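> Numbering-wise, our numbering puts 170 at position 185 of the sequence shown, and it's gapless, one number per residue. Where a beta carbon is used, it is the ideal one built from N, C-alpha and C, also for glycine. The structure presented is a predicted model; accordingly, all values stated were derived computationally and were not measured. Please find one structure pasted underneath; my questions will follow.
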Amino acid sequence: MSYNVNARCTQTNNQAVKCNGEQIAGKAEFKALPYAYDALEPYIDKLSVEIHYSKHFQSYYNNFMAAIKSSEIESMSIKDIFKNVSKYPAAVRNNGGGYYNHMLYFENMKANGSGLPTGDLLKAINKTFGSFDEFKKQFSDAGKTRFGSGWAWLCMDNKRNLFICSSPNQDNPLMDIAERKSTPLLAMDVWEHAYYLEYQNKRTDYIDAFWNVINWDIVEKRFMNK
Ligand code: MN
């Protein structure tokens, strides 16, 4: 398979899993969920988390691996693939996004999530949005108003400006097709498969519940690493 691009990180070492600090696509792993399936209850129910993680997320991973297998992009970092994702088959965009987005989402949740970020991230949120409550409102609205399936994001551009956006399907802000390219800091899945078993059509209730399970330590780490 050839997509006529430079694979910028051709592996010289078959054991290498990273390229310039970024995950090499073909070496991406499907890791175990770092908490129990019922850890997010009562906010997100056990069966929803189990099916979402072990079926939906696993399928995106499997299909992404299949989509890049034996191609030039297999040895590129996932982020470099996203930078040119419009040049590749839809299966790369949909499943690569599906894999990466779910990794961020499940990682940025935890049992007994703290209600508020701290430190420099909280300062940046307050400076950008005026208050945490205003940020919460705007982020929630991004999820509520995303038509159909997609994601709401807290993002940071390359000048470290924070902003909120949303994307359809499994697109994300790292992709070249994004309206405003940026680094995702907080991911919220608003596909029906994320909430339908417990909340049915009430996406707003799921979004309200999401605020109870955010792992702000991880979001802050993403903010500081950039
Ligand atoms: Mn999902």
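Looking at the structure shown, is residue 193 part of a helix, part of a strand, or coil, going by DSSP?
For the purposes of this step, residue 193 is taken as the residue at position 208 of the sequence shown. Residue state, collapsed to three classes: helix.
> Measuring CA to CA, which of 109, 114, 153, 53 is closest to residue 129?
Translated into the one-based positions of the sequence shown, residue 129 becomes position 144. Minimum Cα distance to residue 129 is reached at 153.
> Does at least one heavy atom of the ligand MN sit under 6 angstroms from the Cβ of residue 138?
If you number the sequence shown from 1, residue 138 lands on position 153. Incorrect: residue 138 has no Cβ contact closer than 6 angstroms to the ligand MN.
> Count the other CB atoms, across all protein chains shown, that sit within 10 Å of the CB of residue 174; report buried if there are 16 or more and exposed otherwise.
To locate residue 174, count along the sequence shown from 1; it is residue 189. It counts as buried.
> Does DSSP put residue 133 in a helix, a strand or coil?
The sequence position of residue 133 within the sequence shown is 148, counting from 1. Residue 133 falls in the coil class under three-state DSSP.
> Helix, strand or coil for residue 160? Go by DSSP, reduced to three states.
Here residue 160 is taken as the residue at index 175 of the sequence shown, counted from 1. In this structure, residue 160 counts as coil in the three-state DSSP scheme.
> Mind checking residue 87: buried by the 16 CB within 10 Å criterion, or exposed?
In the sequence shown, the residue the question calls residue 87 occupies position 102. Residue 87 is buried by the Cβ-count criterion.
> Leaving out five residues on either side along the sequence, give the residues of the same chain with a beta carbon under 7 angstroms from the beta carbon of residue 141.
Here the question's residue 141 lines up with position 156 in the sequence shown. If we look at residue 141 and ignore the five residues flanking it on each side, its Cβ neighbours are 147, 167, 168, 170, 208, 211.
> Where residue 177 and residue 120 are concerned, what is the direct C-alpha to C-alpha distance, given to the nearest angstrom?
Position 192 of the sequence shown, counted from the first residue, corresponds to residue 177. Position 135 of the sequence shown, counted from the first residue, corresponds to residue 120. About 23 angstroms.
> Hey, would you say residue 98 sits closer than 7 angstroms to residue 200, going by beta carbons?
Here residue 98 refers to the residue found at position 113 when the sequence shown is read from its first residue. Here residue 200 refers to the residue found at position 215 when the sequence shown is read from its first residue. Yes, they are a contact pair.
> Cβ of residue 179 versus every heavy atom of the ligand MN: is any distance shorter than 6 angstroms?
Your numbering for residue 179 matches position 194 in the sequence shown. Correct: residue 179 has its Cβ closer than 6 angstroms to the ligand MN.
> In terms of alpha-carbon separation, which member of 106, 32, 75 lies closest to residue 48?
As a working mapping, residue 48 is identified with position 63 in the sequence shown. The candidate whose alpha carbon is nearest that of residue 48 is 75.
> Which full runs of the alpha helix (DSSP H) of 4+ residues lie inside the stretch 56 to 107, going along the chain?
DSSP runs (the alpha helix (DSSP H)) wholly in the stretch 56 to 107: 63 to 68, 75 to 92.
> Considering Cα atoms alone, identify which of 69, 57, 55 is closest to residue 158.
In the sequence shown, residue 158 corresponds to position 173, counting from 1. With distances taken between Cα atoms, residue 158 lies closest to 69.
> Taking the alpha-carbon of residue 155 as reference, which of 16, 100, 44 has the nearest alpha-carbon?
In the sequence shown, residue 155 corresponds to position 170, counting from 1. Ranking the options by Cα distance to residue 155, first place goes to 44.
> I need the boundaries of the beta strand (DSSP E) containing residue 21, first residue and last residue.
Here residue 21 corresponds to residue number 36 of the sequence shown, with the count starting at 1. No beta strand (DSSP E) holds residue 21; DSSP gives it neither H nor E.
> If you pair each beta-carbon of the stretch 99 to 111 with each one of the stretch 52 to 71, do three or more pairs fall below 8 angstroms?
Short answer: they don't touch.
> In whole angstroms, give me the CA-to-CA distance for residue 90 and residue 10.
As a first step, residue 90 is located in the sequence shown; it is residue number 105 there, counting from the start. As a first step, residue 10 is located in the sequence shown; it is residue number 25 there, counting from the start. Taking the straight line joining both Cα atoms gives about 18 angstroms.
> Among 77, 19, 66, which has the Cα closest to the Cα of residue 8?
If you number the sequence shown from 1, residue 8 lands on position 23. Residue 66 is the option with its Cα nearest to residue 8.
> Please go through the same chain and pick out, in chain order, the residues whose beta-carbon is closer than 8 angstroms to the beta-carbon of residue 92, but skip the five residues on each side of it.
Start at 1 with the first residue of the sequence shown, and residue 92 comes out as number 107. Only 19, 200, 203 meet the Cβ criterion.
> Taking 6 angstroms as the cut-off, is the CB of residue 105 close to at least one heavy atom of the ligand MN?
Position 120 of the sequence shown, counted from the start, is the residue given in the question as residue 105. Not under cutoff, so the answer is no.
> Any idea what DSSP makes of residue 223, helix, strand or coil?
A query on residue 223 cannot be resolved here, the shown segment of the chain reaching from -14 to 211 and no further.
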